[in-house]
Structures are given as structure tokens and as C-alpha cells.
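Below is one structure; the comments refer to it alone.
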Amino acid sequence: MHTTNPLATGNRFQRWYYRWALPHYERIGRDEPTLRERVELADAYLYSRQGPWAWAGWLLVLVGAALWLHDQGRGWGEALGIAAAVWIGLSVALLGAWLAPQKMAPNKLVRGFVRGLAVGVTAAVLVRMGMHGLDAALDVERLQRMLFAIVPIGGGILLLLGVVARAGRAAGERQLARLQLVAERDAAARAAAEADLRLLQAQIHPHFVFNTLATLQHWVDRRDERAGPLLRELTGFLRRSTEMLGRPTVPLADEVQTVRHYLAILDARLAGRVQGEIHVPAALMPRELPPGLLLTLVENAVEHGLEPRIGAGRLRLEGGHEPDGRWWLRVDDDGLGLADDAADDVGLANLRQRLKHHFGDRAGFTLQHRAEGGTRAEITITPETL
1 MHTTNPLATG NRFQRWYYRW ALPHYERIGR DEPTLRERVE LADAYLYSRQ GPWAWAGWLL
61 VLVGAALWLH DQGRGWGEAL GIAAAVWIGL SVALLGAWLA PQKMAPNKLV RGFVRGLAVG
121 VTAAVLVRMG MHGLDAALDV ERLQRMLFAI VPIGGGILLL LGVVARAGRA AGERQLARLQ
181 LVAERDAAAR AAAEADLRLL QAQIHPHFVF NTLATLQHWV DRRDERAGPL LRELTGFLRR
241 STEMLGRPTV PLADEVQTVR HYLAILDARL AGRVQGEIHV PAALMPRELP PGLLLTLVEN
301 AVEHGLEPRI GAGRLRLEGG HEPDGRWWLR VDDDGLGLAD DAADDVGLAN LRQRLKHHFG
361 DRAGFTLQHR AEGGTRAEIT ITPETL
């Protein structure tokens, strides 16, 4: 997990640097995601408005070291070369100790220093032997002076690297703990959201079921022959809707079939007062969406638009898709229409929440007056590729 790098949207130089560095960030992130975040934060500091102060301090130390070496009798070119080599190497080592402290364990540092010292002394002896002969190469006093200078300096550098590595390790542990806390919080939030959604899904059509059961009981008591067909439709409706609500998404075909059961039950209960039509193309049937969305729209149209009106009403469910990949589902009714102070009821509020949870900003929902009377409810889904 890492935050958006401000270099990506900065000035021309910052954007150029970010494009150059991005493949390196990604390579680091594949192995160590937390290291990538720390590298990006360091870069964002060094190449931001605060960065010049750090660069200025680094250059001052470099120039000061070169001046000291020149004062010791070195030429300007040699002084600058030695100062740059030492200071760049030390800076890289310190940065490495901060970013990757696991590679700067004390035992590794000591072994590296001993090997470096042995190689350095051997190389110095061989060079002097080639330039001045064997006697000069074996000048013990000169070797002692060199070792007395190198060992304290090297030990100080080792100590500095160890301190920086320890600080980097502590910072990494704090960062990891923070990321774990964020991950646990996000997981808890997702679990709570899913629990809320399951509760919302379970609240979709209780009134419809209770009203249908009351009608069925009345017909059974009267030995009405319509009770058998109604019971079959209700059984199919409950079986299909219950199976759907146990899943996060369902094919549109399952939703449409549930709506067919619903409309058949309404036709029986209301003696033809609600005439339903379904026109959804076969190409849309495999599309996935959260369960119960269409049923909520149809139930809302019947409850608030068609049942209160006098006389028969019509309801039309249709779907379609655009050339750019967008697809939509629409429920039209010729009922009473929207009241001037209309607000979402529980079902529509749940629908909006579930759409946002599943599709995010790619889903839209509108509820509006129809010019010819009644209400239009429409869901629009935009593909992720747009």
C-alpha cells in the first residue's frame, strides 16, 4: 500500500523524474511494498520545495571536504575527486542503511569492514611495491600510520551506519504496524458493510410476501381454485429470491425471472389491475448485478404508483445498451407519478447504497416524472474501461 506520489502531478522536471523512476518503484514494490513507499517518500522530499535545502547541505559538505584536502597539498582535481568519491559513497551507504536496515546488520558491517580493510592494505602494499620496490612496500611505520587513520575513521562510519540502520529498522516496524492497522480497519469496515448489505437485502419485499400470504389464506379458506396457481408462483418467487439474496451478485436473467413471478402474483391478487411487460434483450441477460435491484424498482412502482390509482395501470421493464458499452435498465409506470416533496423510501435508499457499494461511481440511478404521466426509474451502468 502506498500513497499517490506528488511528483506525478508536479512541475515538468518532477513529472519527468517520476516517469523515469516509476519502473524502479514497481520493481521494488514487487518484493517489498513497504520499501517502495519509503523510497517514494524520500524522492518526494528530495525533489520538492524542501529538497534544495538538503542538496545545499550535501554540497556544502562536499565543497568543505575538497577545500580541506586542497589545503593538505592535493590538487583541485584530486581533492574534488577524493571528496566526491568518499562523500557519495558515504551518502549511498547511509541511505541504504535507512531504507534497507536488514542489510546493515552489525555482523555484516564488521565482516565487510574487515574484508575491505584487508583488501585495501594489500592493494596499497602492492601499489607501493610496484612503484618504489619491496622495501618501501614493507615500510611498517607507514603502514601503522595508515592503519591508525583508517581504523578510527572506518569504525566511526560503521557506528554511524549501525545507528542509522537501527533508526530505519524502527521506522520500518512503525510503518508496518500502521499498514497492518489500516488493513485491519479496512477489513472490519468491509465486513460491516457486507453485513449491512445482507440486512438491506433481507428487507427488500416483506410487505409483498405478507400481503400475498394473506390473499392465499383467504382463497384457501374459500376453496378458491386460484389458490393453487398463486401458491406455485409464490413458491417459485420465494425460492428464486431467497437463493439470489444469498449471493453478492446474480445474472440479470435471474432477476428478470424473479420479476416475472412477482408480476404473475400481482396479476392474480389484483385481478388484472396491473399489466406488466418485460422487454430485456438476451445480450444483457448474463450481466451481473446485486440481487433484488429490479424487484425493488418494480415493487416501488406498484406500491407508490399503480396500486393507489383508480383503474388498471401498466408497468414496463426494459433494458438496453449503447454503442460505447453503457447499459441500462428502466421501469416505467403510468401511475400517480412523483409527489412534489417525494423522497427515497427505505427500498430506494437501500438500492442506491447497494449500487454504490458494488459499482462505485460507474452506476447511476434516476427517478423522474414521465411526460405522458407516471414515473420512470432508471439504472445506468458504465463499463470499467470507459
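Under UniProt numbering, think of the first position of the sequence shown as 1, with each following residue one higher. Every residue, glycine too, gets a C-beta built ideally from N, C-alpha and C. Treat the numbers as computed from the prediction; the structure is a model and nothing was measured.
Can you pull the DSSP bridge partners for residue i?
i    : result
L367 : A377
L315 : G276, D333
W327 : H321, I381
V250 : L289
Is the beta carbon of residue j closer than 8 Å to that of residue i?
i    : j    : result
G230 : L216 : It should be pointed out that residue 230 corresponds to Leu in this sequence rather than to Gly. Yes; because the gap between Cβ atoms is below 8 Å, this pair is in contact.
I379 : L252 : no
Y47  : L7   : yes
R352 : I381 : no
G305 : T375 : yes
V274 : L317 : no
V39  : Y25  : yes
V298 : L315 : yes
R222 : A268 : no
E255 : P308 : no
H321 : L284 : yes
A100 : A83  : no
P383 : G325 : yes
L176 : T34  : yes
A85  : L69  : no
W327 : R287 : yes
Going by Cα to Cα distance, which pick from the options is closest to residue i?
i    : options                : result
V92  : R19, E78, W58          : W58
D334 : E288, T242, G276       : G276
L213 : R36, L234, R223, R222  : L234
R240 : Y262, R287, L179       : Y262
D332 : T296, D254, A301       : A301
W87  : A21, V63, V280         : V63
L336 : Q14, I278, G313, G96   : G313
A282 : E243, I265, Q257       : Q257
A339 : G364, G373, R330       : G373
L94  : R166, G81, A79         : R166
L41  : F210, A21, G89         : A21
V209 : D186, G89, T242, N5    : T242
R247 : R174, G228, E184, H358 : H358
H279 : D43, P323, N211, R330  : R330
A170 : L67, G51, W76, A97     : A97
N211 : Q50, E303, W53, A371   : E303
N11  : R27, G29, R49, P23     : R49
L289 : M244, W76, W219        : M244
Taking all protein chains shown into account, do 16 or more other C-beta atoms lie within 10 angstroms of the C-beta of residue i, making it buried, or fewer, making it exposed?
i    : result
A349 : exposed
R232 : exposed
I204 : Model confidence at I204 stands at a pLDDT of 49, short of 50, so the residue's coordinates are unreliable; what they give is reported in the following sentence. Buried, since its Cβ has 16 or more Cβ neighbours within 10 Å.
Q368 : exposed
T249 : exposed
G73  : exposed
L181 : exposed
R36  : buried
L295 : buried
L266 : buried
A56  : exposed
A187 : exposed
L60  : exposed
Q14  : buried
A377 : buried
D31  : exposed
L200 : Confidence is the limiting factor: at L200 the pLDDT is only 49, short of 50, which leaves the residue's position unreliable, though a coordinate-based value still follows. Label assigned to L200: buried.
D43  : buried
Does chain D have any CB closer than 8 Å to the CB of residue i?
i   : result
P33 : Among the chains in the structure shown there is no chain D, since it carries only a single protein chain.
Notebook entry, point to check: Can you list the beta strand (DSSP E) stretches of 3 or more residues lying completely in the segment 42 to 81, in chain order?
Noted result: none
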